[in-house]
Each structure stands twice: as C-alpha cells, then as structure tokens.
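Below is one structure, written out as structure tokens; the observations come after it.
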Amino acid sequence: MRRICTTLIAITFEPLALLLGADFYVAGTGSDDNPGTEAKPFASLERARDAARALKASGAETAGVLTVWLQPGIYARSQTFELNSADSGTASSPVAYRAATGGAVRLSAGRVVDAKAFTPVTQPAVVARLDAAARGKVVQLELAPLGLKNIGPFPKVFSDGGGLFELYVNGQRMPLSRWPNTGFVTMAKVLDRGDWSKGPGRHGGTFVAREDRVARWQADRGIWLEGYWRVPWEPSVVQVRSIGAATREIAFAEPVSGGIGSKYAKRGELGDGKEPWCAVNLLEEIDLPGEWCVDFATQTLYFWPPGDLIRAKIVLADFDQPLVALRDVSHVMLRGLALEYSLGNGAEMTGGSSNLIAGCTFQNLGGSGVLIKGGTGHGVRSSDFHDLGNGGIYLSGGDRKTLAPAGHFAENNHLHHLGIRKKTYAAAIHVGAYGAGEAVGCRVAHNFIHDLPHAAVLYGGNDHLFEFNEVARVALTSGDVGAFYTCNDWTSRGNVLRHNFVYDCPRANAFYLDDGDSGDTVEGNVVYRCFYGPFIGGGHDNLVRNNIVIECERAYHLDSRGVARGYATNQNLVARLQAANAQQPPWSTRYPTLARLLEGRRDVPTGDIIEGNVAVDSPQLFHTSGKQAEFTLSTVTNNIALTAAEAGFVSSARLDFRLRPDSAVFKLLPGFKPIPFEQIGLLRDEYRTALPDIVRTFAPGRRAGKAFDSNTDVQRTNQR
C-alpha cells in the first residue's frame, strides 16, 4: 500500500516547542553534585527526578512542560527507575523525560562481559560431546564469578524462556542451541500420554523418536524438549527423564497438561505423534555460529561466537524487573528513549492518568514492552517494539461493572519479531486478555504488526476500537488462532474492528471470534491470503459487514459448536453472563440483546448478521459447521463472490486493494461503502518523522523486512 504523509496529532503534550517550562539535564559525563543545567548536568535519572519533585513541592510555578533532557549515551541500569504520585505533572504543566537531539538515549540493564573472560574448551570429555563442526570453535564462560541471578536450571515444564538469562553480541540475541536448527521433527509413536493428575500415578509421557541422533544426548546432564505436544496453540518445554539408546524411547520427567499426542486422537488411542518438537540447550547440538548453551551442573556457558569476540560488544541480560515503573503517577511523558537488555519488561504503568510513551524503542528484552494496568487515558504512540521475549503492549483499565472506559490507546506503533521466549499468547497488543486484565474502552489504531509466532492482537472486554491497523505474517509457528483473536465470553461486547488490512497469514483466521465470543462488529476490513477471513465460533449478535476477503481458503464462517460443547450450561460463559447484570443499566441499555441469553437459546448462534460482504478468488464464499436448522436465528444475506477482474482493484500486484469506480462490487452491492484503504498503517507525526524501510511482502521490487523463523515443518491445524 502506498503510504501517505498524514499527520497523527498527539493532544496531551503538544506542541512542546511552544510551551515554556523548567529544564533539567542528565548526561553520562555529569555529576549528581551538579545543579542539573545543560552546562553542568546530573549523572542519574534519580537525581533529576528528585530535583523535579523538589521543584514542584516548593510551590514554584512553571508554565508548560517540566522537562528532563537526557543527553545521548547509554545509561546503565541495575534497578527500576520509579516514578510515583509525587512525580506527577498536571494537564497544563506535564512532566517529560525525553532524549535530547544528537544521538540515541539508551536505558540498558545489560551486563557487559569482557571477551577475555571466554576461554577455549579443552576438557576432553566436553570436546568429545561437541559436534565435529564445532570443535576448536566453541569457547566457555564460567558463570559463578559473575554473580548472575537467573542461571537456571530450567523448571521441569515451562513455556516462557524458563527464567534463563540471555546472551547478546553486537546487539543481536544469540540463539540457544537447537536441534533441528530450523523447523521441527515429529514423534514416531506415542507410547504413553502421561498422567497429569495430582494423584500418586502422576508421570510424564513417553514417545519413540524417529532419529538415532537422540542416542547421543545424555539425560543425566539435563535435556529439555520443546514442542506443541497436543494442540497447535500450546507449546511447552519439558525435561527428559531418560532416553533409551537402543529403542529411541524418550520419557519425560513431568507430564504435560492434557498429555502428549494429538488432542484429536480418538478416545483410547495414543495417536501417531504428528505433533512437532525440537531439542534446546544441548552442548551436543551447538553446530552453528551464534549458538550457545548452559551446563547447569557446572554453571558454564558454551558458545560458538559468530565472529571475532575481541572487537565485539558482549552483553548478558539478567535483570528481571521493569526498567521503568510509573505507579499512580499522572501527566508524565517518556519520549525518544530506547529501553533494552532486561530480562523483564520495558515499562510498567499502574494507576494514574494521562501518561504518554511516545517515540520510544523497546528492544532486546526478555519480557514485554509496555504494560498499562488501570488508570485512565494512558497511551503508547509512535514507538517501535522488536526482538522481545514476550508481547508488545498490554492495555487494561476501565470498569466492566459500570462500563466506564479506560481511554487507553496504542497508536502508530511498529511491532514485530516478538514472542521469542513465549511462543503463544504473547501478542503484539493485548487489550483486556491473557495477562492484560479486564478492559473497557481502549483504542488500537494505525499500528503495523508483522512476523509473529502467534496472534497480532488478543482482546477481551468491552467497547474497544481496532481500526486502520496493518497486520502481516503472523501465526508463523502456531495454529488455530486469529490475527485478531478473542474467545469464550458472551458479555465481551461492543468491540469494533474496522478498516484493518490483514494479509499473508495462511495459518490464521483474520478475525477469530472463538468459542462463543459475542456482540462484536467486523466491518470494512480487507483480508488477503489468510486461512479464513472473519470467523464466528458459535457466538451471538456479531455483525460482519462490508468486508473484502481475497484468496482465502474460506472467506466467511459461522458454526454452531455450542450444541456439541454444551454452551447452554458452560460454567465460564454462564457465570460471566450472570455477573454482567444484563437486565439492568448500563448493560441492558448498552447491549439490549444480551438479556435474552438468560432464558433463550444459548447453544446455537443467535442474532449474528453476515451481510454485504465480498469474497474474491476464494474457493468458498461462506462456510458453516453444524446442522442447517441450528442457524435459523442468524442472518446471512447479500454476500457476493467475484474474480479479481470483476472486483476491479486499483492494483493487486502492488497490494493496492482500493476499488475502482467501475468495480462490480458497487453494482451488485449498491450499499457497499468504499474502504479507506489508503489510510491504513503507520503515519508520520511529531514522534515518527519517517516510516520504516519495510513494505509488504508481495510488493514487487521492494525490500521486505527480515522474516521470522517460520518453522515450516509445523503442520497447519487451524480448527479444533
């Protein structure tokens, strides 16, 4: 899509250049004994914070923004930079912590390691375990003298990195050793799914590996296997108890919830083990430059450097707390800062009101970028998030009982290559779902999200607006997920998903309203080369209208899964319905159709409307799952299927899916509203003065961004 030079206006703090306020300065060459002027700056953020706090407490009046300017450089952090209510600004005189011009300002919690601390591997027993290609190239680092906190061992079962520190060289995260190096292998046969009960018979599963290579691995040294052991949305890493060298039988030290082997195997069957897996953190599998592992017994790091270490910057990320925390603080801005090399989150915001993170970069973190919990009117704007172990932005707040909105927003952010440690449910943006907390009334707009292992946006709660977002290449290593995904709540209503572009996600449904989700509007979106477009999984009162779905296996979907799954008496769904007080305001006035679920049909989809939509070059316009009699309480009408020539796009080759005036869509659907396709995606504003040098995958002659390790051997399994 041709990007336009539209200006995104930030209201809370603009225009900074026209406001007059107090200034303090911080520099790496400064001193906390200085007065904090530009000529004699402070050395630490804490000293500048305390000076700003003292100035406000003195009663001195400041007109406009009170600014703490950080001079270019790296600010080493060994503790969280905390702001509290005493550090608040006001609407007329906010407080800003921002980068001065002239270079990057980095808040870094990484531990820099001298290359001389690495020594050659000489012990014969260790050399013998190394791959032939790695011998003479792997070096070792003794961890005990460094005083690191997060050096293992791994838990018996985990799904989030296992609490181990991370290794970076010249700004690049080094990968733990892995076999196979890309993709996955599968089990030859499942012998025992395991007992995951809490009783005396609890034990891990057992399977037969296909490859003789596993006989090289020494279980007594510690072996962990990562896999999607039963379903394509639930990976976990599990410790091995034993390996039969002759039989290739691998037994786990701990069971996986639900057991190993496909969830879809018939009752009583073990399944044939098609679920994908790999081995991690094995000395024997260091066979590529950049790979490393930790021997937990000896606290030794083994590493095949990707180049000359003497001239490299080597960093260990071990600090596991947030780099910045804003607690019950209001009218504070973070601008132009880079937060990096922490094992924890970048910034956490709790309570307070009207705080803004703008033009910042969150990179090389083991946790997530920004967590906003509670408060009102907080936002993240025009910031970049990449190479994070967990998700990008979490938004929660508002009051679901009264439906009072939080007013939080995530706008004009570029989020990509996330979920490196936690492979699923670590989306670019979470709104009231999966760790974010409950939320009402948030806005997610003009974000560019791409190259993720799972979902782009996870949401729950009420009255959220998702618009003008561009999403590409998500669900690269998982399945049964949506680019936009929500599930399992009849009361999560009032959410609007409009004018978004989702493309190149063949494992994902573009808009997945899963397991009973209800009351959402999916309107005016463009979907290209996904599995399904909008997908309604048994819910109620959803409106799907005025969308264009191009080259998807199935364009639109509605099912009646609630009949087979017993939604009428489902404890989770019913409890949320009863807690919502659907017969009393504000719920009864805001969502008048919700109360009918108290006594009406709950198991079949009711009140869903799929109308006025277009499918282009998609094999199936409309797909249902269930008996036709179970769809009589919903409406499917005036949807059309066309070829690309009939649709009349401006340029499919350039992914410009605006409709020409002579498009057959306008003739066959006279009420179809043109989609403002040219407005979708990132915009230029005060904080993002240039757009990233990355364009859509299929735009010919243009350079695309680096691709995520898609692990193409994972089978695509999108439906449960």
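Per the numbering used here, the sequence shown runs over residues 482 to 1201. The C-beta atom is built at its ideal place from N, Cα and C for all residues, glycine as well. As the structure is a computational prediction, the values presented were derived from the model and not from experiment.
Query raised in the report: Rounded to a whole number of angstroms, what is the C-alpha to C-alpha distance between PRO787 and GLY771?
Result: In a straight line, the C-alpha of PRO787 is about 5 Å away from that of GLY771.
Query raised in the report: GLU821 and SER589: beta carbons closer than 8 Å?
Result: yes
Query raised in the report: Considering only residues of the same chain and omitting the five flanking positions on each side of GLY870, which have a CB-CB separation below 7 Å?
Result: GLY642, LEU846, GLY847, GLY848, ILE901, ARG902, LYS903
**Report entry** Per-residue DSSP class, three states only, for ASN894
**Finding:** coil
Query raised in the report: Helix, strand or coil: which one does DSSP assign to LYS597?
Result: helix
Query raised in the report: Is the CB-CB distance between PHE1016 and ASN990 below 8 Å?
Result: yes
Report task. If I'm right that PRO636 touches VAL620 with Cβ under 8 Å, what's the distance once you round it to whole angstroms? Result -> 28 Å between Cβ atoms; not a contact.
Report task. Could you tell me whether the Cβ atoms of VAL921 and GLY856 are closer together than 8 Å? Result -> no
Report task. Pull up the DSSP beta-bridge partners for ARG862, would you. Result -> ALA839, GLU892
Query - Assumed close pair ASP998, GLY975 - CB separation to whole angstroms, cut-off 8 Å - result: At roughly 12 Å, the Cβ-Cβ gap does not stay under 8 Å, so ASP998 and GLY975 are not in contact.
**Report entry** Residues sharing a beta bridge with CYS1033, DSSP
**Finding:** DSSP, once it has assigned bridges, lists no residue as partnering CYS1033.
Query - alpha helix (DSSP H) segment containing VAL1232, residue limits - result: Within the shown structure, residues of the chain are numbered from 482 to 1201, placing residue 1232 beyond reach of any answer.
Requested in this report: Quick one: which unbroken beta strand (DSSP E) runs of 3-plus residues sit fully inside the region 939-983? Chain order, please.
Outcome: 946-948, 951-953, 962-968, 977-979, all fully within the region 939-983.
Query raised in the report: Buried or exposed: GLY583, going by 16 or more other Cβ atoms within 10 Å of its Cβ?
Result: exposed
Query raised in the report: Does DSSP put THR1118 in a helix, in a strand, or in coil?
Result: strand
Report task. Following the continuous alpha helix (DSSP H) through SER823, name the residue where it begins and the one where it ends. Result -> No alpha helix (DSSP H) holds SER823; the beta strand (DSSP E) holding it covers 819-823.
Requested in this report: Please name the residue, chosen from ASN893, CYS759, GLU715, GLY509, that lies closest to VAL721 on a Cα-to-Cα basis.
Outcome: CYS759
Report task. From the DSSP output, read off the bridge partner residues of GLU1092. Result -> ARG1026, THR1118
Requested in this report: Taking 8 Å as the cut-off, decide whether the C-beta atoms of PHE1112 and THR1105 are in contact.
Outcome: Contact check for PHE1112 against THR1105 passes: the beta carbons are separated by less than 8 Å.
Query - Integer Cβ distance of TYR966 from ALA936, believed to fall under 8 Å - result: 5 Å
Query raised in the report: Using the C-alpha atoms, what's the distance from THR972 back to LEU526?
Result: Rounded to the nearest angstrom, the two C-alpha atoms are 44 Å apart.
Query raised in the report: What separation, rounded to the nearest whole angstrom, lies between the Cα atoms of THR1178 and GLY664?
Result: The predicted model places THR1178 with a pLDDT of 42, which falls under 50 and marks its position as unreliable; any figure quoted below should be read in that light. Each residue's Cα considered, the two are about 21 Å apart.
Query raised in the report: Of the choices GLN1059, GLU1092, PRO1067, whose alpha-carbon is the least far from that of GLN1024?
Result: Sequence inspection shows Leu at residue 1024; the Gln mentioned does not correspond to that position. The candidate whose alpha carbon is nearest that of LEU1024 is GLU1092.
Query raised in the report: With contact counted as at least three CB pairs below 8 Å, one residue from each stretch, are the region 566-582 and the region 611-628 in contact?
Result: no
Query raised in the report: Is there contact here, the region 1035-1042 with the region 1061-1075, by at least three beta-carbon pairs under 8 Å?
Result: no
Query raised in the report: How big is the Cα-Cα spacing for ALA1145 and GLU1127?
Result: 6 Å
Query - Closest by C-alpha distance to PRO803, when choosing among PHE992, GLY850, GLU765 - result: GLY850
**Report entry** Touch test, the region 700-714 against the region 723-743, Cβ-Cβ under 8 Å, three pairs minimum
**Finding:** yes
Requested in this report: Tell me whether PHE1153 sits in a helix, a strand or coil according to DSSP, three-state version.
Outcome: coil
Requested in this report: Pick helix, strand or coil for TRP773, following the three-state DSSP scheme.
Outcome: Residue state, collapsed to three classes: strand.
Query - Euclidean distance between Cα positions of VAL695 and GLY825 - result: 34 Å
**Report entry** Closest Cα partner of GLY941 within the set PHE1138, PHE929, ASP961, ILE910
**Finding:** Taking only the C-alpha atoms, the option nearest GLY941 is ILE910.
Query raised in the report: Of the residues GLY686, VAL586, HIS927, which one's Cα is nearest the Cα of VAL861?
Result: Closest in C-alpha terms to VAL861, from the list GLY686, VAL586, HIS927, comes HIS927.
Query - Bounding residues of the beta strand (DSSP E) (the contiguous stretch that carries TRP550) - result: 547-551
Requested in this report: Pick out whichever of ILE1031, LEU852, GLY827, VAL1095 has its Cα sitting closest to the Cα of PHE800.
Outcome: GLY827
Query raised in the report: Nearest-angstrom Cα distance between GLN1096 and ARG881?
Result: It is worth fixing the name first, because residue 1096 is Ala in this sequence and not Gln. So the two alpha carbons sit approximately 36 Å from each other.
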